[in-house]
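Presented below is the structure to which this report refers.
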Amino acid sequence: MPATEKDLAEDAPWKRIQQNTFTRWCNEHLKCVNKRIGDLQTDLGDGLRLIALLEVLSQKKMFRRFNQRPTFRQMQLENVSVGLEFLDREHIKLVSIGE
């Protein structure tokens, strides 16, 4: 059964529900390090909350250094890469449910 445009729309109700549920789950885990996610795209964009979440969930520190204050886009992307590299080294695969 092909997906309709309505099902694939960014504001499809099921996508908002999934996004809100995932955000609440992240915030529950980030509570112990006094961090919070309001908007997934912007708050995970600099890599700092992503790294914090990965460290909390794995109970390990990052394998390499990252930018504590990423002011430039390149620094932010580098931080996200550090998080993704961590997942790769831990043999954790990412899967997309939505599309």
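Going by UniProt numbering, the first residue of the sequence shown is number 1, and it counts up by one from there. Where a beta carbon is used, it is the ideal one built from N, C-alpha and C, also for glycine.
- Taking the Cβ atoms as the reference, Gly38 lies roughly 18 Å from Pro70, outside the contact range of under 8 Å.
- Within the segment 40 to 79, the runs of alpha helix (DSSP H) at least 4 residues long that lie entirely inside it are, in chain order, 40 to 43 and 48 to 58.
- The Cβ atoms of Asn27 and Arg36 sit closer than 7 Å to each other.
- For Arg36, there is no enclosing alpha helix (DSSP H), as DSSP marks it with neither H nor E.
- By the Cβ-count criterion, Ile92 is exposed, with fewer than 16 other Cβ atoms from all chains shown falling within 10 Å of its own Cβ.
- About 16 Å separates the beta carbon of Leu57 from that of Val80, a gap too long to meet the 8 Å contact definition.
- Residue burial is scored here from C-beta neighbours: Phe72 has fewer than 16 other C-beta atoms within 10 angstroms and is therefore classed as exposed.
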